[in-house]
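Asks: Have a look at this one.
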Amino acid sequence: MKPLPFRPTLLAGMLAVSLAACHVPAKIDRPALGDDVPLAGLVTDHRPGWPAAEWWRAYGDPQLDMLMDMALRGAPDLAQAKTRVDSAQQNIRVAAAQAGLRVDGSAQVARQRMSEHGLIPAQFLGFTWYNQADLGVQVSYDFDWWGKKRFTLESAIDSARAAEAERSASSLAIQAVVADTYFGWLADMSRVAIADRLIAVRERALRIADLRVKQGVDVPDTVQQARAELSGARQQRVALQGSADIRRASLATLVGVSPGQLPALTPRALPAVAPGLPANVGTDLMARRPDIAASRWQVEAALRQTDAARAQFFPDVSLSGMAGLSSIDMDKLFSASSRVFSLTPALHLPIFEGGTLEANHGVSQAQLGAAVAQYNATVASAARDVATQALGAQQIAARRTEQAAQIDAVNTLLASAKARAARGVRDDRESLATEASLAQQLDMDADLQGQALSTDVALIKSLGGGYRAEPVDTSSTPSTNGTQSP
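Every letter in the sequence shown is one number past the one before it in this note's numbering, and letter 286, counting from 1, is 332.
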């Protein structure tokens with residue numbers, strides 16, 4: 047009997063029948079995504095450039111550098127984000143492994159007893175027990191003509207890129223909260239020193255008031271008022287010191303150590319702040335914000351999933367072959383007469399799937415719509431975040447300018463009061479009252495400077511903190527088999 051000839055026209059006819067039997071949905075176009083963030087009206091000519099990757103080093107504070115190094119080494123949120131990246135990378139390996147050539151080896155030996163009442167009774171063969179030995183290699187290859195596996199692989203790659211961007215966003219969030227907490231601690235300690243200065247002034251005022259009451263110059267209420275002012279100054283110091291202690295404990299938690307293991311921190315002057323936005327903030331922010339980059343890669347991954355779901359409507363074509371040895375006589379297993387070969391082309395026709403293909407394609411469309419909506423929401427949130435922090439920084443800068451003018455005025459008043467006290471025209475009460483007013487103004491200035499630093503850190507975070515996304519390739523990608531998607 048002659049083997050059946052292989053006819054390409056038969057395969058082409060079966061493909062045509064398959065394509066005519068199912069309704070293939072239209073290819074989904076790439077969704078329109080914004081190219082910039084709406085930030086019209088904001089001042090963008092002050093900040094010289096974008097934040098660097100290690101943006102906190104621009105403050106010139108070795109203690110902050112040390113805290114950042116500790117936080118980035120031991121933060122649990124970063125470890126969790128890294129596991130998501132590792133999982134996404136393993137998904138790439140799984141998707142890549144499912145595409146292309148597959149080679150399997152097999153070897154088995156079985157001893158079997160034949161039934162004496164079977165289709166071929168054992169007495170006709172002359173034996174009841176026999177051994178069956180098989181040794182072979184199977185080779186199979188799926189022709190990914192429609193891009194089913196290619197699109198799945200590309201979706202996995204885009205998901206891994208999104209996970210990496212999300213990890214950068216987690217790292218940036220940790221950096222921002224460490225810097226903000228540290229600067230808050232510095233501001234508290236600066237205000238504690240000012241509170242000590244105010245307490246010393248209030249104590250001197252109390253001694254003068256007590257002396258004047260004992261001499262009968264003032265009424266006793268003068269002493270009570272001085273004591274109340276001293277108690278208020280001491281209470282403020284306790285509150286500030288408590289706030290500083292809480293921030294220090296928070297720093298220990300952020301860097302992953304106990305408060306007792308946190309290295310000693312020395313109070314120092316608060317660094318200067320350079321407000322403003324980069325000139326190209328509206329367009330460059332799309333690539334500088336890791337959360338926007340992650341959302342964009344999620345859109346790309348969802349788009350590739352819609353392509354993969356659409357490709358499921360097309361038939362699968364595969365080719366498999368086998369070569370090996372098979373024998374019921376173990377002594378003849380490796381003889382030439384025990385060779386076996388096979389070559390099997392296969393075609394899978396999705397003629398009737400009970401609506402499964404349509405449902406899967408609908409799910410992929412819904413996921414793409416959700417990814418686009420999430421992207422648009424992320425862009426809107428980024429615009430709101432940048433605008434809020436930039437306008438807040440401008441407001442605080444204006445308040446600090448007025449505060450500096452007020453401090454200069456109080457310093458002038460203090461110099462005049464001390465001059466009058468030195469000439470004997472007035473006693474020390476006027477100069478002490480002016481010193482107390484100066485301490486209060488300095489406290490307000492330190493508080494404003496702390497707010498300015500907190501806003502500056504928040505602005506750097508809203509600008510992406512040195513992150514730079516790789517560009518998204520929107521061109522069509524050729525198939526691994528050299529064909530284009532349908």
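Just so it is clear, CB atoms sit at the ideal spot from N, CA and C, and this is done for glycine as well.
Predicted model only: the values in this text are computed from it and were never measured.
Report yes if the C-beta distance between T227 and L286 is below 8 Å; otherwise report no.
Replies: It is not a contact, given that the beta carbons lie outside the stated cut-off.
Asks: Exposed or buried, which one is D353 when buried takes at least 16 other CB atoms within 10 Å?
Replies: With 16 or more Cβ atoms within 10 Å of its Cβ, D353 is classed as buried.
Asks: Near R248, what residues of its chain come up, given a Cβ to Cβ distance below 6 Å and the 5 sequence neighbours on each side ignored?
Replies: So the qualifying residues of the chain are E275, L276 and A279.
Asks: Which same chain residues end up closer than 7 Å to N457 when comparing Cβ atoms and leaving out the 5 residues on each side of it in sequence?
Replies: L484, listed in sequence order.
Asks: Does F387 come out as helix, strand or coil in the three-state DSSP assignment?
Replies: Here F387 sits in strand by DSSP.
Asks: Tell me which same chain residues have a C-beta within less than 6 Å of the C-beta of A99, skipping the five on either side of it?
Replies: Result list for A99: G512, in chain order.
Asks: What separation, rounded to the nearest whole angstrom, lies between the Cα atoms of R148 and E212?
Replies: So the alpha carbons of these two residues sit roughly 34 Å apart.
Asks: Once you ignore the five residues that flank S388 on each side, which residues in its own chain have a CB closer than 7 Å to its CB?
Replies: Same-chain partners within the cutoff: G367 and M368.
Asks: Quickly, what does DSSP pair G151 with across the bridge? List them, please.
Replies: BP columns for G151 point to V183.
Asks: Based on DSSP bridge pairs, tell me the residues matched to A392.
Replies: Paired residues: S364.
Asks: Taking buried to mean at least 16 other C-beta atoms within 10 Å of its own C-beta, is L488 buried or exposed?
Replies: Its Cβ being crowded by 16 or more others within 10 Å, L488 is buried.
Asks: For N96, count neighbouring Cβ atoms within 10 angstroms of its own Cβ and tell me buried if that reaches 16, exposed if not.
Replies: Note on identity: in this sequence residue 96 is Trp, with Asn being the wrong assignment. With 16 or more other Cβ atoms within 10 Å, it is buried.
Asks: Can you tell me which of the three DSSP states N326 falls into?
Replies: The answer is coil: DSSP assigns N326 none of H, G, I, E or B.
Asks: If we ignore side chains and look at the alpha-carbon of each, how far apart do Q307 and I292 end up?
Replies: Cα to Cα, Q307 sits roughly 15 Å from I292.
Asks: Taking just the CA atoms, how far does A215 sit from R430?
Replies: In a straight line, the C-alpha of R430 is about 17 Å away from that of A215.
Asks: Kindly confirm or deny that the stretch 330-349 and the stretch 196-210 touch, where touching means at least three C-beta pairs closer than 8 Å.
Replies: The stretch 330-349 is in contact with the stretch 196-210.
Asks: What residues match up with D188 in a beta bridge as DSSP calls it?
Replies: Partner(s): S364.
Asks: Quick check: what's the CA-CA separation for Q411 versus K194?
Replies: When rounded, the distance between both Cα atoms is 16 Å.
Asks: Classify D234: buried if its beta carbon has 16 or more other beta carbons within 10 angstroms, exposed otherwise.
Replies: Flag for D234 reads buried.
Asks: Please report the distance separating the alpha-carbon of P524 from that of F189.
Replies: Because P524 sits at a pLDDT of 40, beneath the cut-off of 50, its placement in the model cannot be relied upon, and the following sentence gives the value as read from the coordinates. Their Cα atoms are separated by approximately 14 Å.
Asks: Quick one, are the C-beta atoms of R335 and A463 less than 8 Å apart?
Replies: The answer is no: Cβ separation not under 8 Å.
Asks: Return the bridge partner residues of L1 from the DSSP annotation.
Replies: Residue 1 is absent from the model: the chain starts at 47 and stops at 532.
Asks: Please classify H407: is it buried, with 16 or more other beta-carbons within 10 angstroms of its beta-carbon, or exposed?
Replies: Buried, since its Cβ has 16 or more Cβ neighbours within 10 Å.
Asks: On a Cα-Cα basis, can you pick out the residue from Q270, I166 and S152 that is closest to Q184?
Replies: Taking only the C-alpha atoms, the option nearest Q184 is S152.
Asks: Within 10 angstroms of its Cβ, does W231 collect 16 or more other Cβ (buried), or is it exposed?
Replies: Buried: at least 16 other Cβ atoms inside 10 Å.
Asks: In this structure, does DSSP put A535 in helix, strand or coil?
Replies: Here the chain comprises residues numbered 47 to 532, so residue 535 is not present and cannot be evaluated.
Asks: Can you pull the DSSP bridge partners for Q158?
Replies: BP columns for Q158 point to Y176.
Asks: Three-state secondary structure (DSSP) at G278?
Replies: Helix.
Asks: My output table needs one value for Y513: the three-state DSSP class, helix, strand or coil.
Replies: Note: Y513 maps to coil in three-state DSSP.
Asks: Determine the DSSP secondary structure at K378, reduced to helix, strand or coil.
Replies: Three-state result, K378: helix.
Asks: Candidates R159, A225 and A209: which alpha carbon is nearest D115's?
Replies: The residue with the shortest Cα to Cα distance from D115 is A225.
Asks: Along the chain, where does the alpha helix (DSSP H) that runs through T501 open and close?
Replies: From DSSP, the alpha helix (DSSP H) with T501 extends over D474 to S508.
Asks: Short of 6 Å in beta carbon distance, which residues of its chain neighbour A208, apart from the five on each side in sequence? Order them along the chain.
Replies: These residues qualify, in order along the chain: A340, W343 and Q344.
Asks: If you measure between the beta carbons of R273 and D264, is that distance less than 8 Å?
Replies: Contact: no.
Asks: Please classify Q169: does DSSP put it in a helix, a strand, or coil?
Replies: Q169: helix per DSSP, three-state reduction.
Asks: For the alpha helix (DSSP H) holding F229, just list the boundary residues, first then last.
Replies: K194 to K260 is the span of the alpha helix (DSSP H), which, as asked, contains F229.
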